[in-house]
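Take a look at the structure below.
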Amino acid sequence: MEPAVGALFPIAQALRSQLEAREQWALYESLEHPLIAVLYDMERTGILVDREVLARLAEHLGADIARLEAELTALAGEPFNLNSGPQIARILFEKLGLKTGRRTKTGFSTDQAVLEELAGSHPFPARLLEYRVLSKLKSTYLDTLPEVMDPRDHRIHTTFNQAGAATGRLSSSAPNLQNIPLRTAQGREIRRAFIAPPDGVLVGADYSQIELRVMAHLSGDPHLIEAFRSGEDIHASTARRIFNLTGDIDPTLRARAKIVNFGIMYGMGARSLAQQMGIGLPEAQQFIAHYFRLYARVRDFLDATLVDARRQGYVATLFGRRRYLPGLQSLNGGERSLAERVAINTPIQGSAADLMKLAMARVHVALMQWVPSARLLLQVHDELLLECAAGDAEAASRIVREKMEGGFDLKVPLEVSVGRGPTWLDVH
DNA sequence: CGAGGAGCGA
DNA sequence: ACGTCGCTCCTCGA
């Protein structure tokens, strides 16, 4: 026996016994251990990047940024560092005399919400918002991604941290490929740089509403379950119930119901809900009370989760992953509240992560057997991105959908939307 | 070099 | 303190 291998046994045995002591061995053996090789393959494969697309975008944004820099300097009447919060605050609140808003530890906040408040009364904050968006995109993505491309294969090889997040999610670093822009039109363009190889195609597969489906399963709430089983639009369904309506739902009401649905999973309070929905605090309190009357099993589930967590000292996911929460016993109200929100969110976010991890291992095995041209490339929490030979896209899509949707024995169906195209932007 | 603020994604 | 989980950029002060 090799000495190095022999020397590992005591360590492996110690780790195993520690996992067994906390009843985490089955989770490791059935889910985390099989995933190691999958992540290794994904990292080693990497994703192909078109350097020219990034360069063109950087050039355009660079010109826009220079123009905004000139405008902002003129509006301020003096040169200043556009990336410095304190200097921005001095211009906004002293020189221009605009109304101060929220405070941070070190001074007045100049974040997006504050600037949007001020944008109506002066062009400076409006221009600064534009500048912030563009400079973020350029410095974080357009300037950085070309530097981390492997010159040998023109690919970017991220590092997936398998035990990176306390909930069980993966994380991605150096570079982080789990936060490539999507929301804004300009940011979205960056996804055009992530491409399929010659004669290949990218395939993307997204879970639809996986966290709400997990909450439906864990809570057993009959209304949530029925909504998912009947294939309804879940936010529209919630809107119909909380607003007591039938038929088509006004987009504004659907958007409000969506805020409620997500807020519930994060343990959101009335104050934050009022802020997000643009309503008064009493109305927000009514809203939450009303929601929990209509979805009583959700409330029971959340209550029981907290009771169990206080008694056991931890919360657990669908597959038994634990998160210990000493903060639940804290005498500090803020710390205790944080721990309570974490206790509510972790079983939901973490169970979704469990399902995705298991699906990845199954997808990997099935693709190796049935579609050898296919490679998993990225996981972005509820999405998988892969590449395969153009002629294999149909087969790969079928397998990915089958392994992501099937074999979990939940009270609600899981739905996956699959798309394909020459760039990452085209798969959605 | 680390803390803080800010902003990108799920 | 005021909705969860991450990573990275930049500034500023040690």
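The first sequence begins at 1393 in the numbering used here and counts up one residue at a time. Glycine included, every Cβ here is placed at the ideal spot set by N, Cα and C. Predicted model only: the values in this text are computed from it and were never measured.
Self-check item: Integer Cβ distance of residue 1628 from residue 1641, believed to fall under 8 angstroms
Solution: 4 angstroms
Quiz item: Which residue spans inside the region 1460 to 1493 form an unbroken alpha helix (DSSP H) run of at least 4?
Solution: 1477 to 1481
Quiz item: Do residue 1426 and residue 1753 have their CB atoms nearer than 8 angstroms?
Solution: yes
Practice problem: In the DSSP assignment, find the unbroken beta strand (DSSP E) run with residue 1771 in it and report its ends. | Solution: 1767 to 1771
Self-check item: Option in 1698, 1711, 1710 with minimal Cα separation from residue 1719
Solution: 1698
Quiz item: With which residues is residue 1815 paired in a DSSP beta bridge?
Solution: 1587
Exercise. Could you tell me whether the region 1748 to 1765 touches the region 1778 to 1785, where touching means 3 or more Cβ pairs closer than 8 angstroms?
Key: yes
Practice problem: Spatial neighbours of residue 1645 within its chain, please: CB distance less than 8 angstroms, with the 5 preceding and 5 following residues excluded, ordered by chain position. | Solution: 1631, 1635, 1637
Quiz item: What is the DSSP secondary structure of residue 1636, reduced to helix, strand or coil?
Solution: coil
Quiz item: Thinking C-alpha only, which one of 1495, 1428, 1559 is nearest residue 1338?
Solution: Summary: the structure shown does not reach residue 1338, with the chain confined to residues 1393 through 1820, and so no result is reported for it.
Self-check item: Option in 1777, 1495, 1747 with minimal Cα separation from residue 1801
Solution: 1747
Quiz item: Does any heavy atom of the ligand SAM sit closer than 7 angstroms to the C-beta of residue 1681?
Solution: This structure does not include the ligand SAM; it has no bound ligands of any sort.
Self-check item: Same chain only: Cβ atoms within 6 angstroms of residue 1742, ignoring 5 sequence neighbours per side
Solution: 1559, 1560, 1709, 1713
Quiz item: Taking the Cβ atom as the reference point for each residue, do residue 1441 and residue 1537 lie within a distance shorter than 8 angstroms?
Solution: yes
Quiz item: Can the beta-carbon of residue 1436 be found less than 8 angstroms from the beta-carbon of residue 1541?
Solution: no
Self-check item: Outcome for residue 1564 when other beta-carbon atoms lying within 10 angstroms are tallied against a minimum of 16
Solution: buried
Quiz item: To the nearest whole angstrom, what separates the beta carbons of residue 1759 and residue 1769, a pair I think is in contact under 8 angstroms?
Solution: Residue 1759 to residue 1769, Cβ: 12 angstroms. No contact.
Quiz item: In whole angstroms, what separates the C-alpha of residue 1676 from that of residue 1647?
Solution: 15 angstroms
Exercise. For residue 1564, name the three-state secondary structure that DSSP assigns.
Key: strand
Practice problem: Note down, in chain order, each residue of its chain lying with its Cβ closer than 7 angstroms to the Cβ of residue 1492, except the 5 sequence neighbours on either side. | Solution: 1485, 1500
Quiz prompt | Distance CB(residue 1517)-CB(residue 1507) smaller than 8 angstroms | solution = yes
Quiz prompt | Other residues of its chain near residue 1557: CB distance less than 7 angstroms, five sequence neighbours each side excluded | solution = 1563
Quiz item: Nearest to residue 1707 by alpha carbon, out of 1736, 1686, 1682, 1679?
Solution: 1736
Practice problem: Just tell me which of 1807, 1790, 1811, 1598 has its CA closest to the CA of residue 1622. | Solution: 1807
Exercise. Can you tell me which of 1576, 1544, 1457, 1545 puts its alpha carbon nearest to the alpha carbon of residue 1530?
Key: 1457
Quiz item: Going along the chain, which residues of its own chain have a beta-carbon closer than 8 angstroms to the beta-carbon of residue 1416, five neighbours each way excluded?
Solution: 1712, 1713, 1714
Self-check item: Proximity winner among 1488, 1454, 1453, relative to residue 1469 (alpha-carbon distances)
Solution: 1488
Practice problem: Taking residue 1777 as part of the beta strand (DSSP E), name the residues at either end of that continuous run. | Solution: 1775 to 1781
Quiz item: Using the beta-carbon count (16 or more within 10 Å), is residue 1504 buried or exposed?
Solution: exposed
Self-check item: Cutoff 6 angstroms; reference residue 1722; Cβ partners in own chain excluding five residues on either side
Solution: 1728
Quiz item: Quick one: what's got a C-beta closer than 7 angstroms to residue 1694's C-beta in the same chain, skipping five residues either side?
Solution: 1736
Quiz item: Taking the Cβ atom as the reference point for each residue, do residue 1669 and residue 1656 lie within a distance shorter than 8 angstroms?
Solution: no
Practice problem: Tell me the start and end of each unbroken alpha helix (DSSP H) in the region 1417 to 1441 that is at least 4 residues and wholly inside, in chain order. | Solution: 1425 to 1437
Practice problem: Please classify residue 1594: does DSSP put it in a helix, a strand, or coil? | Solution: strand
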